[in-house]
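See structure below.
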Amino acid sequence: MDNLNNYKNFYLSHKSLFGQIPESLGNFSSLIILNLYSHDLNENLPESLGQVFNLESLIVADNSFTGVVSERNLMSLSKLKNFSVSSPDLIFNFDPEWVPPFQLLFVSRICWGQTSFMAIYTKFSPNSMHNRLNCFI
287 MDNLNNYKNF YLSHKSLFGQ IPESLGNFSS LIILNLYSHD LNENLPESLG QVFNLESLIV
347 ADNSFTGVVS ERNLMSLSKL KNFSVSSPDL IFNFDPEWVP PFQLLFVSRI CWGQTSFMAI
407 YTKFSPNSMH NRLNCFI
């Protein structure tokens, strides 16, 4: 993994990975884009992800994550602009007093349950908000 520490963009999608994202991902300080879309990744999003200071785009949608996402997972991502995640068993639990260090331009979360569908898609521009679809259950 040491040879990968200078990577800025990491695109790996469509069913080639399974298991848990390693905590060592937090050592990738140069990483700007992380795209792990559509795998069989599970368990928690690692807290060390919050240490990837230069991360601007985090795409981990269409996986099977479980557990809790809190401010610890995103604490130092001040440059984050794009966040896409989808896992029906993932719980978002943030301290109501927490102020995120980032301003997202795009955020999406799509979850398919056994009997319900919930989608949140929001796209922000610097001066206004566009295309907001909040919730269908």
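Residue numbers for the sequence shown follow the numbering used here, so the first one is 287 and each next one is one higher. In this text, a Cβ means the ideal position worked out from N, Cα and C, and glycines have one as well. Being a predicted model, the structure only gives us computed values, none of them experimental.
- Leu360: member of the alpha helix (DSSP H) spanning 357-360, first to last residue.
- Between Leu341 and Leu303, the alpha-carbon positions lie close to 21 Å from each other.
- Secondary structure at Leu376: strand, using DSSP grouped into helix, strand and coil.
- Going by DSSP, Ser370 is part of the beta strand (DSSP E) stretching over 368-371.
- Take His300, set aside five residues on each side of it, and the residues of its chain with a beta-carbon closer than 7 Å to its own are Ser324, in chain order.
- Short of 6 Å from the beta carbon of Asn330, and not among the five residues preceding or following it, lie these beta carbons of its own chain, in chain order: Gly353.
- Taking Leu390 as reference, the option from Phe296, Phe314, Lys365, Ile307 with the minimal CA-CA separation is Lys365.
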